[in-house]
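First the structure, in the form of structure tokens, and then the observations on it.
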Amino acid sequence: MGILNQAVQLAIMVGTIRTLSWPSANESRNANPPEKAVHRQIGSDFDYLMLTRIFPTAVCRADDDSVPDSCEIPTDTPEWSIHGLWPNFKNGSYPQFCDGSPRKFDSDLIKSIEGRLLRMWPNLYPAKTAHSFWKHEWEKHGTCSQNHKNLSSELLYFRTTMAIDTEYSVGSALERAGIIPRSEPYHLEDIRDGLMKELSHGMHVQLNCLTDKKTRQILLGDVRMCIDKSFQPIDCPRSNAFQPATYFTGHSAPLPSFKECPPLVTYLLETSTEPSHMLGLGHREFAYWINPLIPFYTGFFSQQKLKHELLWGITVPFMAVAIFIYVEGGRGG
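Pasting the structure below:
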């Protein structure tokens, strides 16, 4: 009887723990309705995953480059980079900051893939390290995906996310759909239709936008594709709660925040109208101001009959500075 009583007590304790740890479906739907975020005690009974890719050029154009530590795109960053892989529930809520193993981010666990992460999943803000971005994504989202065998560790979470990103490339899909960078806006539905055809196998994708701080253009900012637990595309819920890019919006103002897109949006890469971080000049503005100066400059020194060596000694640094400004004018953000 003593053993039986202990067994009953143990069963009651287990039931109590399960009740505390796993809210009912109704409780889950009603939890934190404004944010649609659910803090889970255990690592994840999610229904599907949302793979979010950001457009670094748009992020930096939406940033205010007059403030310190403004957005910068690291060398070798792809046209579209990873923001995160986020577990979601069908009812519109999503788990976050789950208990995991490990619960806290450990950079040593991803040393073997850090080079690829720096390129495919970069941090765009110099004031914060790449590790801080990955830490946020792992602790908020990765810990809630650990019930999936291919996402069951920190290393697997990041490695698998990069593999899915490679298989479903946003940049390649847009190119195949004929959606190319240009100054004229696109109809949002044309972009969505192209992505649904070339990226998500006909499944609905979510698109979000940013506002260019200088031109006030509405820019395509991120693409969110939903996948099931076998990593196959599924429809993203059209009424799904909007998840802002909290890592970016968590910075101090006036850094950019994502929003739902209007009917017309611009897909603009680093083009001739891109503003310069140095002087606020684009390529066209640069040419407008510099071209008239070149004949005057060379003519002035020729009239002065300066030595050939002196002329070149002054001309070469001048042109080097000019080329630097030109290149910076094409980079922007």
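Numbering (my numbering), first residue to last: 198 to 530.
Cβ atoms here follow ideal geometry from the backbone N, Cα and C, with glycine treated the same way.
Alpha carbon to alpha carbon, how far is K411 from S366?
-> Position 214 of the sequence shown holds residue 411. Position 169 of the sequence shown holds residue 366. So the two alpha carbons sit approximately 29 Å from each other.
Put Y354 into one of helix, strand or coil per three-state DSSP.
-> In the sequence shown, residue 354 corresponds to position 157, counting from 1. For Y354, the three-state secondary structure derived from DSSP is helix.
What runs of the alpha helix (DSSP H), each 4 residues or longer, lie entirely inside the region 369-417?
-> Note on the region 369-417: whole alpha helix (DSSP H) runs with a minimum of 4 residues are 385-395, in chain order.
Cβ contact check for the region 249-259 and the region 412-420: 3 or more pairs under 8 Å = A contact between stretches requires three or more CB pairs, one per stretch, nearer than 8 Å, and the region 249-259 meets this requirement with the region 412-420.
I think Q414 touches T363, with their Cβ atoms under 8 Å apart; what is that distance to the nearest whole Å?
-> Within the sequence shown, numbered from 1, the residue matching residue 414 stands at position 217. Within the sequence shown, numbered from 1, the residue matching residue 363 stands at position 166. Between T363 and Q414 the Cβ distance is about 30 Å, and since that is not below 8 Å, they are no contact.
Only counting runs of 4 or more residues, tell me where the alpha helix (DSSP H) segments fall wholly within the region 252-328, in order along the chain.
-> Secondary structure in the region 252-328: the alpha helix (DSSP H) runs of 4 residues or longer, each lying completely within the stretch, are 253-259, 311-317 in chain order.
Which whole-angstrom value describes the C-beta separation of R389 and L404, a residue pair presumed to lie in contact below a C-beta threshold of 8 Å?
-> For the purposes of this step, residue 389 is taken as residue 192 along the sequence shown, with counting starting at 1. For the purposes of this step, residue 404 is taken as residue 207 along the sequence shown, with counting starting at 1. R389 to L404, Cβ: 6 Å. Contact.
To the nearest angstrom, how far is it from the Cα of R316 to the Cα of D273?
-> For this step, residue 316 is matched to residue 119 along the sequence shown. For this step, residue 273 is matched to residue 76 along the sequence shown. The straight-line gap from Cα to Cα measures roughly 6 Å.
Please report how far the alpha carbon of M359 lies from the alpha carbon of D266, in whole angstroms.
-> The count along the sequence shown starts at 1 and reaches residue 359 at position 162. The count along the sequence shown starts at 1 and reaches residue 266 at position 69. Taking the straight line joining both Cα atoms gives about 27 Å.
Looking at C-alpha atoms only, which residue of R356, S369, S454, M400 is the closest neighbour of W277?
-> Taking the sequence shown and counting its residues from 1, the one referred to as residue 277 is at position 80. Among R356, S369, S454, M400, the Cα nearest to that of W277 belongs to S369.
Is L466 helix, strand or coil by DSSP?
-> Residue numbering aside, residue 466 sits at position 269 when the sequence shown is read from its first letter. DSSP places L466 in coil when its eight states are reduced to three.
Count the other C-beta atoms from every protein chain shown that fall within 10 angstroms of the C-beta of S473, then say buried if there are 16 or more, exposed otherwise.
-> Locating residue 473 in the sequence shown gives position 276, counting from the first residue. For S473, the predicted structure reports a pLDDT of 32, less than 50, and the residue's modelled location is therefore unreliable. A value from the coordinates is still provided. Per the 10 Å Cβ criterion, buried.
Among G281, P382, P459, which has the Cα closest to the Cα of I361?
-> In the sequence shown, residue 361 corresponds to position 164, counting from 1. Among G281, P382, P459, the Cα nearest to that of I361 belongs to G281.
Backbone secondary structure at C433 - three-state DSSP | Translated into positions along the sequence shown, residue 433 becomes position 236. The answer is coil: DSSP assigns C433 none of H, G, I, E or B.
If we ignore side chains and look at the alpha-carbon of each, how far apart do L348 and G339 end up?
-> Residue mapping note: residue 348 aligns to position 151 of the sequence shown, counting from 1. Residue mapping note: residue 339 aligns to position 142 of the sequence shown, counting from 1. Looking at the two C-alpha atoms, the distance is approximately 8 Å.
Roughly how many angstroms lie between the CA atoms of L314 and L306, to the nearest whole one?
-> As a working note, residue 314 is residue 117 in the sequence shown. As a working note, residue 306 is residue 109 in the sequence shown. When rounded, the distance between both Cα atoms is 13 Å.
Pull up the CB-CB distance for L283 and L246, whole angstroms please, since I reckon it's below 8 Å.
-> In the sequence shown, counting from the first residue as 1, residue 283 sits at position 86. In the sequence shown, counting from the first residue as 1, residue 246 sits at position 49. The question names Leu, yet the displayed sequence has Trp at residue 283. Confirmed, about 7 Å.
What does DSSP give as the partner residues of D419 in its beta bridges?
-> Numbered from 1 along the sequence shown, position 222 holds the residue referred to as residue 419. For D419, which the question treats as bridged, DSSP gives the partners I251, N405.
Just the Cα atoms here: how many angstroms apart are I376 and I251?
-> On the sequence shown, position 179 is the one that residue 376 refers to. On the sequence shown, position 54 is the one that residue 251 refers to. Spanning the two alpha carbons is a distance of roughly 16 Å.
Cβ shell of R373 (< 6 Å), same chain only, five flanking positions each side left out | Counted from its first residue, the sequence shown places residue 373 at position 176. Answer for R373: E395, listed in chain order.
Among M393, I431, I279, which has the Cα closest to the Cα of Y354?
-> Within the sequence shown, the letter at position 157 stands for residue 354. With distances taken between Cα atoms, Y354 lies closest to I279.
What are the partner residues of K456, as DSSP defines its beta bridges?
-> Mapped onto the sequence shown, residue 456 falls at position 259. C406.
Which of helix, strand or coil DSSP assigns to S221 = Looking up residue 221 in the sequence shown gives position 24. Reliability of the predicted coordinates at S221 is poor, the pLDDT of 33 falling under 50, and no value is obtained from them.
What does a CB cutoff of less than 7 Å around H398 pick up in its chain, not counting 5 residues either side in sequence?
-> By one-based count along the sequence shown, residue 398 stands at place 201. Short of 7 Å from the beta carbon of H398, and not among the five residues preceding or following it, lie these beta carbons of its own chain, in chain order: P430.
For K456, collect the residues of the same chain with a Cβ closer than 7 Å to its Cβ; drop the 5 residues on either side in sequence, then sort them by chain order.
-> For the purposes of this step, residue 456 is taken as the residue at position 259 of the sequence shown. Excluding sequence positions up to five before and after K456, its CB lies within less than 7 Å of the CB of N405, C406, all in the same chain and listed in chain order.
Contacts around I491, its chain only, beta-carbon distance under 8 Å, and the 5 residues preceding and following it disregarded = Sequence index remark: in the sequence shown, residue 491 carries index 294 (1-based). With a pLDDT of 47 at I491, under the threshold of 50, the predicted position of this residue should be treated as unreliable, though the coordinate-derived value follows. There are no such residues.
Supposed contact pair A259 and P453 - C-beta distance, whole angstroms, cut 8 Å | Residue numbering aside, residue 453 sits at position 256 when the sequence shown is read from its first letter. Residue numbering aside, residue 259 sits at position 62 when the sequence shown is read from its first letter. About 3 Å separates the two Cβ atoms, so the contact holds.
Under a three-way DSSP split, which group does I200 fall into?
-> What you label residue 200 is simply residue 3 of the sequence shown in a count that begins at 1. Summary for I200: the model assigns pLDDT 47, below 50, so the residue's position carries little reliability, and this model does not support an answer.
Could you name the residues of the same chain whose beta carbon sits closer than 7 Å to that of W335, not counting the 5 residues immediately before and after it, in chain order?
-> In the sequence shown, residue 335 corresponds to position 138, counting from 1. For W335, where only same-chain residues beyond five positions count, the Cβ hits under 7 Å are F302, E351, Y354.
Near V402, what residues of its chain come up, given a Cβ to Cβ distance below 8 Å and the 5 sequence neighbours on each side ignored?
-> As a position in the sequence shown, residue 402 is number 205, starting the count at 1. R389, L392, M393, L396, V420, R421, M422, C423, C433, listed in sequence order.
Just to confirm, are D244 and F286 a CB contact at a threshold of 7 Å?
-> Position 47 of the sequence shown, counted from the first residue, corresponds to residue 244. Position 89 of the sequence shown, counted from the first residue, corresponds to residue 286. Contact flag set, yes.
Since L466 contacts P382 with CB under 8 Å, what's their CB separation in whole angstroms?
-> Your numbering for residue 466 matches position 269 in the sequence shown. Your numbering for residue 382 matches position 185 in the sequence shown. Contact flag wrong, Cβ pair sits at about 14 Å.
Between the CA atoms of D261 and E525 - distance to the nearest angstrom = Here residue 525 is taken as the residue at index 328 of the sequence shown, counted from 1. Here residue 261 is taken as the residue at index 64 of the sequence shown, counted from 1. Low confidence applies to E525: its pLDDT is 47, below 50, so where it sits in the model is not reliable enough to give any reading.
DSSP state of T446, grouped into three classes?
-> By 1-based counting over the sequence shown, the position of residue 446 is 249. Low confidence applies to T446: its pLDDT is 49, below 50, so where it sits in the model is not reliable enough to give any reading.
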